[in-house]
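Residue numbers (UniProt numbering): 1 to 656. We treat Cβ as the ideally placed atom computed from N, Cα and C, and that holds for glycine. One structure is given here, and the rest of the page talks about it.
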Amino acid sequence: EIHIKEPIEKEVNPRLLPGELLLCEASTVYKYIQEDGSNRGTYGKLICTNFKIAFLDEDSASDDNEPQFKNKIVGENDITLQCVDQIYGVYDEKKKLLTGQLRKYPEKLIIYCKDLRVFHFCLRYTKEEEVKRIVSGIVHHSQTPKLLKRLFLFSYASAAPNNTGKHGRNQTVMFDALEDWRDELERTKGNVKYKAVATNEGYRVSEKLPLYFVVPICVSEESILKFQGRYICIWCWSCHNGAALLKMSAFPKEQDDSTSQTQKAFLDGIYKTISKPPYELLKTDDLSSSLPSLQDIQTAYTRFKQLFLIDNSTDFWDTDVKWFSLLESTNWLEIIRRFLKKAIEVAECLERQHTNVLLVEESATDLCCVISSLVQVMMDSYSRTKSGFQSLIQKEWVIGGHGFLDRCNHLHKNDKEEAPVFLLLLNCVWQLVQQYPPAFEFTETYLTVLSDSLYVPIFSTFFFNSQHQKDTTTTGESLKTQSGPFKFLTVWDWSVQFEPKAQALLNNPLYAEKPKPDKSQRKTARFKHQRQLSLPLTQTKCSPKRGFFREETDHLIKNILGKRIGKFINSSDEPHNSFREFYDSWHSKPVDYHGLLLPRIDGPEIKVWAQRYLRWIPEAQLHGGGAIATAAKILDLMEEVQSLQVKMDEEHSQAI
1 EIHIKEPIEK
11 EVNPRLLPGE
21 LLLCEASTVY
31 KYIQEDGSNR
41 GTYGKLICTN
51 FKIAFLDEDS
61 ASDDNEPQFK
71 NKIVGENDIT
81 LQCVDQIYGV
91 YDEKKKLLTG
101 QLRKYPEKLI
111 IYCKDLRVFH
121 FCLRYTKEEE
131 VKRIVSGIVH
141 HSQTPKLLKR
151 LFLFSYASAA
161 PNNTGKHGRN
171 QTVMFDALED
181 WRDELERTKG
191 NVKYKAVATN
201 EGYRVSEKLP
211 LYFVVPICVS
221 EESILKFQGR
231 YICIWCWSCH
241 NGAALLKMSA
251 FPKEQDDSTS
261 QTQKAFLDGI
271 YKTISKPPYE
281 LLKTDDLSSS
291 LPSLQDIQTA
301 YTRFKQLFLI
311 DNSTDFWDTD
321 VKWFSLLEST
331 NWLEIIRRFL
341 KKAIEVAECL
351 ERQHTNVLLV
361 EESATDLCCV
371 ISSLVQVMMD
381 SYSRTKSGFQ
391 SLIQKEWVIG
401 GHGFLDRCNH
411 LHKNDKEEAP
421 VFLLLLNCVW
431 QLVQQYPPAF
441 EFTETYLTVL
451 SDSLYVPIFS
461 TFFFNSQHQK
471 DTTTTGESLK
481 TQSGPFKFLT
491 VWDWSVQFEP
501 KAQALLNNPL
511 YAEKPKPDKS
521 QRKTARFKHQ
531 RQLSLPLTQT
541 KCSPKRGFFR
551 EETDHLIKNI
561 LGKRIGKFIN
571 SSDEPHNSFR
581 EFYDSWHSKP
591 VDYHGLLLPR
601 IDGPEIKVWA
611 QRYLRWIPEA
621 QLHGGGAIAT
631 AAKILDLMEE
641 VQSLQVKMDE
651 EHSQAI
């Protein structure tokens with residue numbers, strides 16, 4: 001009893017971007033609206049280009065039902081090739097994973113996406129030739145290994161060569177010039193002990209390092225060259241009290257004695273200058289031994305995302321009964337908790353013990369990026385503004401050399417290298433955003449959109465492993481366009497993806513602007529942090545209300561349950577007393593939204609980022625729209641207040 005809507009022979013033309021080519025198409029494909037067994041859906045055309053897979057029905061031809069929050073690059077029924085996670089074919093009601101060459105073609109196609117959408121296409125009414133073409137085309141273009149130069153990024157950049165990408169960056173610091181690093185040193189007052197160096201210009205020291213970076217003043221250019229940039233403490237950020245956060249790639253295990261002797265002497269020299277008791281100390285933290293491995297992160301996330309890639313309504317209700325045990329068994333929330341806890345430990349060293357912290361990791365480009373970014377978001381209110389957060393990601397991830405290409409497996413070259421490290425950071429930051437909304441200038445919607453942009457290959461931001469790889473590919477001989485090496489877009493230019501009205505949803509209307517301090521108070525405020533020397537309150541007292549719309553009962557429950565559950569959960573790695581004391585003492589005081597922010601990490605405080613993970617599942621939506629509806633309402637109210645303010649000003653000026 002399939003309700004067949006006679007396919008209308010109306011030509012629907014795909015909207016193609018510059019450089020986008022139509023590779024194959026199939027007509028009279030039936031797309032199920034929601035797999036609830038009723039087989040409702042629409043007919044249309046399924047196409048595959050060198051950028052995306054798209055379904056076009058007569059709705060996509062009309063502009064009447066445009067949603068308010070619409071992406072200009074990727075439509076509702078578009079899946080970029082990088083966003084395809086897995087493709088299944090259905091043969092006689094049995095699901096089978098499709099990869100490589102196909103002998104037999106399925107009657108139904110299910111596409112699971114990395115942004116957790118699920119598409120069901122029925123191919124029973126499509127001509128056999130077209131089915132073969134479209135299925136093998138989709139599988140080939142989205143699942144087989146690719147060359148970097150075959151990414152759509154390059155076709156787009158050469159077809160639209162006048163993208164300078166300069167406009168719309170709205171004060172995001174790109175960190176691709178020496179000046180940017182000097183400004184950052186000045187902003188954090190780190191320039192007393194650290195200097196920006198250009199030793200690596202032309203990548204003569206190492207291809208892994210960025211062109212410009214910051215090192216302790218005592219490190220000479222010769223030593224950087226001599227050790228090819230290894231074993232160099234690279235500066236990330238300086239705290240208001242002068243303690244700094246540094247990172248370094250770990251030593252190779254096997255070495256002959258003579259080299260290890262010289263390295264040891266060199267390192268001792270560096271340690272001596274950074275660590276000068278009693279003024280300054282240095283704490284080294286080897287992240288690969290104290291945090292989950294990349295493999296653990298990948299395994300946990302793979303299990304976790306399965307909970308949201310739901311085929312139909314029945315599936316949803318079946319898993320709903322066991323939801324909490326399934327969620328716990330993935331271990332994903334526990335990994336988020338461990339990373340937040342590690343960031344609090346580092347913050348405690350910097351803030352309270354005035355100790356420099358050196359993060360060590362094999363390449364210093366994965367776990368180091370997560371921890372250093374989290375510490376800065378927690379300790380530096382500039383990183384909680386939109387432009388500050390974007391600059392932070394440029395500094396620590398894009399220029400810092402995080403291998404986006406390998407970790408996101410954009411080229412399908414090597415599954416072993418894949419790990420959602422950047423997503424993990426966004427999940428951790430989301431915990432802070434939802435615990436302290438007024439402290440952030442951006443919203444959770446901003447984080448969700450940023451996570452989706454990982455798979456949109458028209459921006460260079462998340463499609464290279466290092467600055468060196470980007471530079472050499474850009475200026476490669478064969479790739480010269482008429483106008484010289486081509487310029488890529490940066491993801492920070494949000495106007496490429498969204499109209500101004502939609503961009504408003506990325507900004508938090510309830511952000512607590514920084515008050516302008518008095519000159520007299522400013523002196524003391526800078527050196528004495530208000531939470532530094534306090535002792536924790538007794539456990540029975542409730543902490544004051546915090547955030548928006550939180551009731552007193554919330555705290556009562558948390559104090560009774562949270563402490564108890566917290567003990568069970570922490571028993572495996574009970575933090576040393578100083579950590580607990582620092583944590584409890586901070587939480588016993590009112591929050592200063594522009595000071596240090598510590599996430600609550602006991603048991604039930606770590607939550608699932610519902611907006612990102614549940615947004616495509618109708619059964620999981622809140623009646624009345626939940627937080628999103630509240631935010632939209634507040635935005636409307638603010639617009640109204642502003643327009644009334646304008647009217648009042650006009651009346652006032654006329655009266656005068």
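Kindly identify the DSSP beta-bridge partner or partners of lysine 195.
Val215
Handout entry: Cβ pair count under 8 Å reaching 3, the region 422–429 against the region 152–159
Key = no
Point to revise | For asparagine 356: DSSP bridge partner residues | key: Leu282
Given this structure, state the Cα-to-Cα distance separating glutamate 207 from histidine 468, to the nearest angstrom. 6 Å
Query raised in the report: Which whole-angstrom value describes the C-beta separation of glycine 322 and glutamine 434, a residue pair presumed to lie in contact below a C-beta threshold of 8 Å?
Result: It is lysine, not glycine, that sits at residue 322 in the sequence shown. 25 Å between Cβ atoms; not a contact.
### Task
With a threshold of 16 other CB atoms inside 10 Å of the CB of glycine 624, please say whether the residue is buried or exposed.
exposed
Notebook entry, point to check: aspartate 318: buried (16+ other C-beta within 10 angstroms of its C-beta) or exposed?
Noted result: exposed
Problem - Supposed contact pair leucine 367 and valine 357 - C-beta distance, whole angstroms, cut 8 Å - result: So it is not a contact: roughly 14 Å between Cβ atoms.
TODO: Determine the direct distance from the alpha carbon of leucine 644 to that of histidine 652, and round the result to whole angstroms.
DONE: 12 Å
- Which value, in whole angstroms, describes the spacing of the CA atoms of lysine 450 and alanine 243? Here the sequence assigns leucine to residue 450, which means lysine is not the residue at that position. Roughly 31 Å separates the two Cα atoms.
Straight-line gap, threonine 42 to lysine 108 (C-alpha atoms, nearest Å): 14 Å
>> Please classify valine 197 as buried or exposed, where buried requires at least 16 neighbouring CB atoms within 10 angstroms.
In response: buried
*For cysteine 48, which residues of its own chain have a beta-carbon under 7 Å away from its beta-carbon, when the five flanking residues on both sides are left out?*
Leu23, Cys24, Ile134, Gly137, Ile138 and His141
Q. Roughly how many angstroms lie between the CA atoms of arginine 124 and tryptophan 332, to the nearest whole one?
A. 39 Å
Give, in chain order, every unbroken run of the beta strand (DSSP E) that is at least 3 residues long and sits entirely within the region 316–375.
355–361
Measure the alpha-carbon distance for histidine 594 versus leucine 17 and round it to whole angstroms.
42 Å
Run of the alpha helix (DSSP H) containing phenylalanine 55, from where it starts to where it stops:
Note, phenylalanine 55: premise wrong, no alpha helix (DSSP H); beta strand (DSSP E) at 52–56.
For lysine 114, report the span of its beta strand (DSSP E) as first-last.
Careful: lysine 114 lies outside any beta strand (DSSP E) and carries neither H nor E.
>> By DSSP's criteria, alanine 244 is part of a beta bridge. Which residues make up the other side?
In response: Ser238
* Whole-angstrom distance between methionine 174 and glutamate 93, CA atom to CA atom -> 51 Å
* Asked: Since serine 387 and glutamine 171 are thought to touch, with beta carbons under 8 Å apart, how far apart are those beta carbons, to the nearest angstrom?
  -> 4 Å
**Study point:** leucine 246 versus lysine 193: straight-line alpha-carbon distance, rounded
**Key:** 12 Å
May I ask you to report which of helix, strand or coil DSSP gives asparagine 508?
-> coil
**Study point:** Residue from Leu340, Leu447, Gln353 and Phe440 with nearest C-alpha to serine 383
**Key:** Phe440
- Task: Please classify lysine 95: is it buried, with 16 or more other beta-carbons within 10 angstroms of its beta-carbon, or exposed?
- Result: exposed
**Prompt:** What does DSSP give as the partner residues of isoleucine 297 in its beta bridges?
**Reply:** Partner(s): none; isoleucine 297 has no beta bridge.
- Query: Looking only at C-alpha atoms, which of Cys428, Gln143 and Trp181 sits nearest to phenylalanine 339?
  - Reply: Cys428
May I have the straight-line CA-CA distance separating phenylalanine 251 from aspartate 636, to the nearest angstrom? 56 Å
message: Please classify glutamine 394 as buried or exposed, where buried requires at least 16 neighbouring CB atoms within 10 angstroms.
response: buried
Beta-carbon separation of arginine 267 and threonine 355 under 8 Å? Here residue 267 is leucine; the residue named in the question, arginine, does not match the sequence. Not a contact, by the Cβ cut-off of 8 Å.
- Query: Can you tell which of Tyr455, Leu510, Lys189 and Gly603 has the C-alpha that lies nearest to the C-alpha of leucine 153?
  - Reply: Tyr455
*Could you tell me the boundaries of the alpha helix (DSSP H) in which leucine 423 lies?*
421–435
### Message
Just list the residues that DSSP pairs glutamate 25 with in beta bridges.
### Response
Ile47
(message) Beta-carbon within less than 7 Å of glutamate 362's beta-carbon, same chain only, minus the 5 sequence neighbours each way: which residues are those?
(response) Ser249, Ala250 and Ser288
Check whether the region 402–416 and the region 456–463 touch, using three or more Cβ-Cβ pairs below 8 Å as the test.
yes
| query | Taking the alpha-carbon positions, what's the arginine 526 to glutamate 348 distance? | reply | Its pLDDT being 37, under 50, arginine 526 is placed unreliably by the model, and the measurement read from it follows with that caveat. Straight-line Cα distance between these residues: approximately 17 Å.
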